[in-house]
Structures are given as C-alpha cells and as structure tokens.
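Structure record follows, encoded as structure tokens.
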Amino acid sequence: MSARPPGPPLRALPGLLRKLAVDRLGMMRDAAALADAVRVSVGPKRMYVFNRPDYAKHVLADNAANYRKGIGLVESRRMLGDGLLTSEGELWRAQRRTVQPAFRPGRIAAQAGAVAEEAVRLLDLLVRRGGQGPVDVLHEVTGFTLGVLGRTVLDTDLGGYGGIAHAFEAVQDQAMFDMVTQGLVPVWVPLRTQRRFRRARRELTRIVDELVADRGARMAEGESADDAFSRMILAARAQSDPAAGRGRLRDELVTLLLAGHETTASTLGWTLLLLARHPRVRDLVREEARGVLAGGRPPEAEDLHKLTYTTQVVQEAMRLYPPVWILPRVARRADEVGGYAVSAGADVLVCPYTLHRHPGLWEEPERFDPGRFDPARAADRPRYAYIPFGAGPRFCVGSGLGMMEAVFVTALLTRDLDMDVVPGHEGVAEPMMSLRMRGGLPMTVRRAR
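For the sequence shown, our numbering assigns the number 49 to the initial residue and increments by one for each residue that follows.
Structure follows, in structure tokens:
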C-alpha cells in the first residue's frame with residue numbers, strides 16, 4: 049500500500065501558504081526542509097512537493113504522459129496562449145517538431161559567429177557606458193539575448209523592439225498574480241497589475257503582427273526558410289482554418305520571444321554577479337579566456353569546448369539560480385512517486401532551486417564552487433540532481449544556444465573588463481516564470497589590466 053507524504057504541522061500551514069504570495073522561494077525551502085516528499089492540503093486542493101532526483105525523474109520523464117502543465121504556467125495562458133511552454137498533447141508535439149530542426153547542434157554551431165558578433169557588440173557598449181557611471185548590466189545582457197534570438201532563431205532584426213522585455217515583465221507579474229489569486233480576479237478589474245498587463249498584451253500583439261508581416265514578405269521574396277520563425281509561419285499557413293493558424297502563430301512567437309531571451313539573460317546576470325563576489329574565480333575565468341581567446345579575438349564555435357572552466361562557472365551559477373526555478377505539473381490520474389500516493393488532479397511541484405541545494409546531493413550547497421562540475425567530481429552525481437533546463441520530453445529545446453551565449457559572453461566580458469556591483473545592491477532573487485534578479489544589476493565597468 050502506498051504511503052502518504054508528510055505534511056507541515058497545522059500551525060505552520062498559514063505561514064506556508066502566505067509565502068505563496070510573498071516569498072515563493074521561501075515556501076519551497078520550507079517544504080524541502082520538512083522532507084523530500086511533502087503533501088500540503090487546503091480544503092479540497094492538494095499539492096505535492098518532490099525533492100529527490102528519482103522523484104523528479106519519475107514525474108518529468110518516466111511517467112511524463114501522466115502530468116500536464118500546472119500552477120503558474122496555466123495562468124500564463126492569458127498572454128502566451130497555447131505556445132510551446134503551455135500547450136499539451138499533440139499540439140505541443142507538433143509545435144516541438146516544427147521548431148526542433150532550428151536548434152540542431154550543427155545549426156547552432158553554425159550560428160557561433162552571430163553569437164560572437166553580438167557578444168562583441170555588448171562588450172563595446174559596456175565599455176562606452178562604463179565611463180558614464182554605473183550600468184544596469186542585466187538590462188544590457190537582455191538586449192544581447194534578444195539580438196541573438198533575432199539573428200539565430202528568427203532571422204529577424206529585433207533591434208527596434210526594446211519594449212519586448214518590459215512587456216514580458218508585466219506578463220509575468222500578471223501570471224504570478226493570477227496564480228496567487230487562483231484566477232478569481234477578472235482581467236478587466238482596474239488594478240495596477242491588470243492595467244500594465246493589458247498594455248503589455250496590446251504591445252506584444254502589435255510587435256508580433258509586425259514581425260510576422262515582415263518575415264512573411266521576405267519569405268515571399270525567396271529568403272531561406274530554415275529558421276524557427278519561418279517554419280512556424282509555414283506550419284500556420286498549412287492549417288485548414290486560417291484564423292486558427294494565425295492565432296497559433298501568434299501564441300508560438302510570443303512564447304519563443306519570452307523563452308528565447310529571458311532565461312539566458314537571467315543566467316548571465318547571476319553569473320556576472322557571482323563573479324563580482326568571488327574575485328578568485330573571476331581571475332581563473334580571465335586566465336582561461338585570455339589563453340583561449342588570445343590576441344583579443346572573438347570566440348568561435350570550437351572555443352566552446354576549450355572554455356571548460358568558464359562553462360563550469362555558468363553551470364554552477366545555474367545550480368544556485370536555475371533560470372527555470374520550478375517545474376509545476378498536475379497529475380492526470382492517480383500515481384505513485386517513490387512509494388508515495390499522488391491523487392488525480394493534484395498539483396505536483398519539482399523545484400530545481402531546492403533540488404540543486406539538497407544537502408544530501410551537494411556538499412556545502414550554498415557555496416559557489418564551479419569545481420563541482422569538474423567531470424571527475426560530477427561522475428557519480430545522479431542525473432536528475434541537476435536540471436536547470438528541465439528534463440524529460442519537455443527539456444528546453446534552446447539549451448545548446450543558451451549555453452553558447454552564456455559561455456561566450458562570460459569569457460569575453462571577464463577577459464576584457466573589471467565589473468563590480470554597486471555597493472548596497474544585494475541581487476535578490478525574484479521567482480517569476482524565470483528566476484529574475486530584482487532591481488536589475490547595477491555595476492561599475494572599466495577596462496581590465
């Protein structure tokens with residue numbers, strides 16, 4: 049007979065649920081501190097939190113068909129519709145098949161030159177801005193990731209669409225508001241969050257329609273159609289219902305714009321903050337970068353495999369601050385996870401943020417130690433102890449491109465610049481759809497010796 053996971057003491061339940069609104073990371077830490085499997089019940093609603101690699105493997109991979117997208121992502125459908133992040137079943141499989149070829153390793157390797165050019169552009173921008181006072185480096189790396197997304201995945205110049213990032217902030221704020229209120233507050237209610245969301249939705253709709261019209265016109269003139277955007281357009285045109293095809297295309301493009309830039313920008317922000325806090329690690333990255341990228345040259349595809357320590361630094365940053373900090377699911381049917389009964393319809397949460405800090409899996413888990421990802425030290429680690437890109441069938445399709453961006457930028461900026469956090473800035477994690485850094489990342493920037 050299956051066991052029932054332990055739950056928090058009754059006296060602790062109100063505080064735990066309050067944190068769902070005001071401190072989601074704190075809530076997950078509290079749940080993980082109780083046990084590796086925790087059950088929280090509020091009236092008829094049941095929530096299970098699983099925090100072991102084998103439990104994560106079961107939910108995300110072995111029995112993934114039994115779990116649909118859950119809390120947080122469901123509420124995101126107000127803006128994202130049925131894009132790749134939120135869709136299910138055959139629709140999701142069709143969308144994945146459409147964009148997958150654009151992320152093949154060979155094609156991504158061929159895009160290394162474009163990534164390097166955007167990284168050099170970012171470096172030059174920071175050098176110019178550095179003489180004018182503190183720079184919000186998170187804002188600038190977000191511009192970089194949008195530039196890379198446009199050139200490598202969409203074959204479209206996103207340089208004139210700086211409002212995308214701000215619009216997505218409003219979208220995420222609304223999604224979290226809907227999650228906390230269980231969607232009971234209609235979107236037309238004139239709250240500040242709701243008003244921002246409606247403006248953001250109009251802005252993103254305008255941007256997406258402009259991008260579709262421009263890319264479609266260029267395709268009609270005979271431009272190559274092997275990028276993800278053109279594949280999405282062709283798939284939409286093949287729909288028997290033109291209106292449904294246009295709606296699906298809009299959902300897919302909005303999702304790709306969000307997922308394609310936000311997570312990598314977040315990873316870069318946390319990586320640069322951690323390097324600023326750990327000068328010895330920064331020195332090691334600089335030494336490697338100056339050896340591999342000697343003579344001030346930009347990185348190339350082959351350099352990705354030579355920048356081994358820099359890669360470990362990025363991996364460790366994603367361990368401490370995984371861009372996808374939580375993986376919410378809902379059980380379609382009753383299940384058993386690690387001997388624990390899970391009821392049909394229950395919310396099931398796998399949290400990379402707490403899994404990556406599990407004291408039974410990571411020595412001194414709160415310490416920044418890139419050496420954890422040395423192959424000799426990582427050899428015996430359970431596969432699902434580290435899942436910054438998710439796992440199973442819904443593993444992030446853009447993980448290869450994201451790692452290339454993060455490693456190239458980390459190496460290039462550390463090679464040439466000294467970047468220090470403005471005194472007083474703590475770098476507080478804000479768990480939205482990705483693990484954002486509250487208040488940006490103000491840094492002083494100057495040429496390194």
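Even for Gly, the Cβ is constructed at its ideal location relative to N, Cα and C.
_Just to confirm, is the Cβ distance from residue 506 to residue 301 under 8 Å?_
The structure shown does not extend to residue 506, since the chain is modelled only from 49 through 497, so no value can be given for it.
*Alpha carbon to alpha carbon, what distance is there between residue 440 and residue 477?*
Taking the Cα positions, residue 477 is about 26 Å away from residue 440.
*Less than 8 Å between the CB atoms is what I'm expecting for residue 381 and residue 392, so what's the real figure, rounded?*
Under the criterion of beta carbons closer than 8 Å, residue 381 and residue 392 qualify as touching, at roughly 5 Å.
*From this set, 373, 496, 184, 130, which residue's C-alpha is nearest residue 463's C-alpha?*
Looking only at 373, 496, 184, 130, the smallest Cα-Cα distance to residue 463 is reached by 496.
*Beta carbon of residue 125: closer than 7 Å to some heavy atom of the ligand SAH?*
Inclusion of the ligand SAH in the displayed structure is not the case, the ligand content being empty and no account of it being possible.
_If contact is defined by three or more beta carbon pairs under 8 Å, each pair taking one atom from either stretch, is the stretch 421-439 in contact with the stretch 278-296?_
Counting C-beta pairs with one atom in each stretch, the stretch 278-296 and the stretch 421-439 have fewer than three that are closer than 8 Å, which means they do not touch.
*asked:* Using 8 Å as the cut-off, can you tell me whether the stretch 304-322 makes contact with the stretch 482-490, which would need three or more C-beta pairs spanning the two stretches below that distance?
replied: Segments in contact, yes.
_Quick check on the DSSP output: the beta strand (DSSP E) that includes residue 492 runs from which residue to which?_
Residues 490-495.
_Our contact map puts residue 346 next to residue 168 with C-beta atoms below 8 Å; I'd like the distance itself, whole angstroms only._
Indeed they touch by this definition, with Cβ atoms about 5 Å apart.
*Within 8 Å, strictly: CB atoms of residue 337 and residue 323*: No, Cβ-Cβ distance for residue 337 and residue 323 is not below 8 Å.
*Drop a sphere of 10 angstroms on the beta-carbon of residue 398, count the other beta-carbons inside from all chains shown, and report buried for 16 or more, exposed for fewer.*
Taking all protein chains shown into account, residue 398 has 16 or more neighbouring C-beta atoms within 10 Å of its C-beta and is therefore buried.
*Do the stretch 207-214 and the stretch 164-179 meet, that is, are 3 or more Cβ pairs less than 8 Å apart?*
Contact between the stretch 207-214 and the stretch 164-179 is absent, with fewer than three C-beta pairs closer than 8 Å.
*Looking only at C-alpha atoms, which of 387, 390, 433 sits nearest to residue 401?*
Of 387, 390, 433, the residue nearest in Cα terms is 433.
*Note down the Cα distance separating residue 103 from residue 112, rounded to an integer number of angstroms.*
Residue 103 and residue 112: Cα-Cα distance of roughly 12 Å.
*Short check: CB of residue 329 to CB of residue 362, under 8 Å?*
Judged by beta-carbon spacing, residue 362 lies beyond the 8 Å limit of residue 329, meaning their Cβ atoms are not closer than that value.
*Count the other CB atoms, across all protein chains shown, that sit within 10 Å of the CB of residue 270; report buried if there are 16 or more and exposed otherwise.*
Exposed, by the Cβ-count rule.
*May I ask which residues mark the beginning and end of the beta strand (DSSP E) holding residue 376?*
Element bounds for residue 376: 375-379.
*Would you mind working out which of 489, 237, 108 sits nearest residue 375, comparing C-alpha positions?*
Selected option, being the one with the closest Cα: 108.
*Alpha carbon to alpha carbon, what distance is there between residue 453 and residue 153?*
Using only the alpha carbons, I get a separation of about 14 Å.
_Only counting the same chain, and skipping five residues up and downstream in sequence, which positions put a Cβ closer than 7 Å to that of residue 383?_
For residue 383, where only same-chain residues beyond five positions count, the Cβ hits under 7 Å are 111, 114, 390.
*Could you tell me the boundaries of the alpha helix (DSSP H) in which residue 105 lies?*
Its alpha helix (DSSP H) spans residues 101-105.
*Between which two residues does the alpha helix (DSSP H) containing residue 385 stretch?*
Per DSSP, residue 385 belongs to no alpha helix (DSSP H); it is in the beta strand (DSSP E), 383-385.
*asked:* Taking the beta carbon of residue 148 as the centre, do at least 16 other beta carbons fall within 10 Å, making it buried, or is it exposed?
replied: Here residue 148 is exposed: its Cβ has fewer than 16 other Cβ atoms, across all protein chains shown, within 10 Å.
*Taking the C-alpha atoms as reference points, what is the distance between residue 286 and residue 203?*
One C-alpha to the other measures close to 21 Å.
*Would you identify the three-state DSSP class for residue 74, choosing helix, strand or coil?*
Three-state result, residue 74: helix.
*Comparing alpha-carbon positions, which option in 449, 428, 475 lies nearest residue 368?*
Selection 449, 428, 475 evaluated against residue 368 yields 475 as nearest (Cα-Cα).
_Whether residue 458 touches residue 241 by CB criterion (8 Å)_ = Against a cut-off of 8 Å, the Cβ pair of residue 241 and residue 458 comes out as no contact.
_Do residue 201 and residue 308 have their beta-carbon atoms positioned less than 8 Å apart in this structure?_
Yes. Within cutoff.
*asked:* Taking the beta strand (DSSP E) that residue 465 belongs to, which residues open and close that run?
replied: Unbroken beta strand (DSSP E) run through residue 465: 465-469.
*Which first and last residues belong to the beta strand (DSSP E) in which residue 395 is found?*
Unbroken beta strand (DSSP E) run through residue 395: 395-398.
*By how many angstroms is the C-alpha of residue 442 removed from the C-alpha of residue 357?*
Each residue's Cα considered, the two are about 28 Å apart.
_For residue 116: DSSP bridge partner residues_ = Per DSSP, the beta-bridge partners of residue 116 are 378.
*Leaving out the 5 sequence neighbours to the left and right, which residues in its chain are closer than 6 Å to residue 87 when beta-carbon positions are compared?*
Around residue 87: 53, 55, 96.
_For residue 369, three-class secondary structure by DSSP_ = Residue 369: coil per DSSP, three-state reduction.
*For residue 87: DSSP bridge partner residues*: When beta bridges are read from the DSSP output, residue 87 appears opposite 96.
*Short check: CB of residue 456 to CB of residue 164, under 8 Å?*
A contact, by the Cβ cut-off of 8 Å.
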